[in-house]
Structures are given as C-alpha cells and as structure tokens.
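Going by numbering that gives the first Met the number 0, the sequence shown opens with residue 0, and the numbers climb by one from there.
Where a beta carbon is used, it is the ideal one built from N, C-alpha and C, also for glycine.
All figures in this text were calculated on a predicted structure; none of them were measured in a lab.
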Amino acid sequence: MQVTCGTDIIEINRIQKSIEEMGERFLERVYTPQEIAYCESKKMQKYQHYAARFAAKEAVFKALSEQLKDKYAIEWRNIEVLNTLQGKPKIDLLGIEIPSIKSMDLSISHCKTYAVANVVMLID
Ligand SMILES: CC(C)(COP(=O)(O)OP(=O)(O)OC[C@H]1O[C@@H](n2cnc3c(N)ncnc32)[C@H](O)[C@@H]1OP(=O)(O)O)[C@@H](O)C(=O)NCCC(=O)NCCS
C-alpha cells in the first residue's frame, strides 16, 4: 500500500477568463453537470468554486502514480468534486474504475485571488 499526495494552486482570474472567453465549451469539457450547478449556485463567488474544482482535479492527477496515469486515460470530467451535507468536498471517479485506489481525500481552500486543493490517496 502506498500513500500519495497531490497539490495544486490556481489564480481565480485564469479560470474566470477561460469561462468568459470559451463559455459552455470550457465548462462542459472540464466540469460535470452537478459541479456546474454547485458553482452557479454561488452567484458572484462562482469563479472561486470553479477554480477550486479545477485545482482539485489537477491535484488528483498529481496524486495518481505514473503507472496508473499510463494505464487509464483520465479526463477532467472523470473526476467529480461534490460536497457532503456538512460541506466537506469529496472526489468521485465517474465512468472509470481504478480498483487499486483504496481511498481518496480532498481539502479545498479559496480566497479572492487563489484557490488551492490537496489530495491524499491510498493506492494498493
Ligand atoms: C467550513 C470552513 C472550514 C470553511 O473555511 P473558510 O475559511 O470559510 O473557507 P475556505 O475557502 O478555506 O474553504 C472553503 C472550502 O471548505 C470546504 N469545506 C466546507 N465545509 C467543510 C467541512 N465541514 N469539512 C471540510 N471542508 C469543508 C469546501 O470544500 C469549501 O469550498 P467549496 O464550497 O468550493 O467546496 C469554515 O467555515 C468552518 O466552519 N470552520 C470551522 C472553524 C472552527 O470550528 N474552528 C474551531 C477551532 S478548530
């Protein structure tokens, strides 16, 4: 069993610019419908939440071992970040099964300018 971690930090502006310039095309390439619904519900602050989810997906890629990255073709929308009733974010892999991942945990933080995400995985 191996413990791996991945981290990512992103400028909120960068994500805001991509959404403003590419609109639906960007959103639908990167985010699942439930993620979009969650971020849109945040109204004025939505870019912070979109950026945090982008960082979370990058952090998942970083936490995956090289062998797993090579074995599975993982795309943005295979990684979904939703929140528990208490607000804690969690990762689900959609449309892809990676049995060797035994557990994953995610923590997110964001402010006006940056979003950051950390992922820890237990890989068999
Ligand atoms: C929930 C809480 C941790 C969010 O912190 P914040 O500084 O307001 O906001 P941040 O930008 O750092 O974090 C926001 C993210 O926290 C995450 N979050 C929310 N509730 C959470 C929870 N119960 N557990 C873990 N993560 C949580 C979410 O991912 C959220 O981002 P998202 O909505 O885009 O998914 C905070 O409001 C809180 O309740 N803190 C409790 C503090 C406390 O009880 N201190 C006592 C001494 S320890």
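Where residue i and residue j are concerned, what is the direct C-alpha to C-alpha distance, given to the nearest angstrom?
{"i": "Gly86", "j": "Cys38", "result": "13 Å"}
{"i": "Gln1", "j": "Lys16", "result": "38 Å"}
{"i": "Thr3", "j": "Leu63", "result": "7 Å"}
{"i": "Glu23", "j": "Glu79", "result": "17 Å"}
{"i": "Lys45", "j": "Met120", "result": "27 Å"}
So, at 8 Å on beta carbons, what are the nonlocal neighbours of residue i in its own chain, with the 5 sequence-adjacent residues on each side left out?
{"i": "Gln47", "result": "Ile11, Lys41, His109, Cys110, Lys111 and Ala114"}
Counting only the same chain and skipping the five closest in sequence on each side, list residues whose C-beta sits under 7 Å from that of residue i.
{"i": "Asn77", "result": "Leu92, Leu93, Gly94 and Ile95"}
{"i": "Asp123", "result": "Met0, Ser99 and Lys101"}
Grab me the residues of residue i's own chain with a C-beta within less than 6 Å of its C-beta, minus the 5 sequence neighbours each way, in chain order.
{"i": "Lys61", "result": "Gly5"}
With burial defined as no fewer than 16 other Cβ atoms inside 10 Å of the residue's Cβ, what is the status of residue i: buried or exposed?
{"i": "Asp7", "result": "buried"}
{"i": "Lys70", "result": "exposed"}
{"i": "Glu65", "result": "exposed"}
{"i": "Arg52", "result": "buried"}
For residue i and residue j, which I take to be in contact (beta-carbon distance under 8 Å), what is that distance rounded to the nearest angstrom?
{"i": "Asn14", "j": "Ala50", "result": "Sequence check: residue 14 is Ile here, not Asn. Correct: roughly 4 Å between the Cβ atoms."}
{"i": "Ala116", "j": "Ala36", "result": "At roughly 19 Å, the Cβ-Cβ gap does not stay under 8 Å, so Ala116 and Ala36 are not in contact."}
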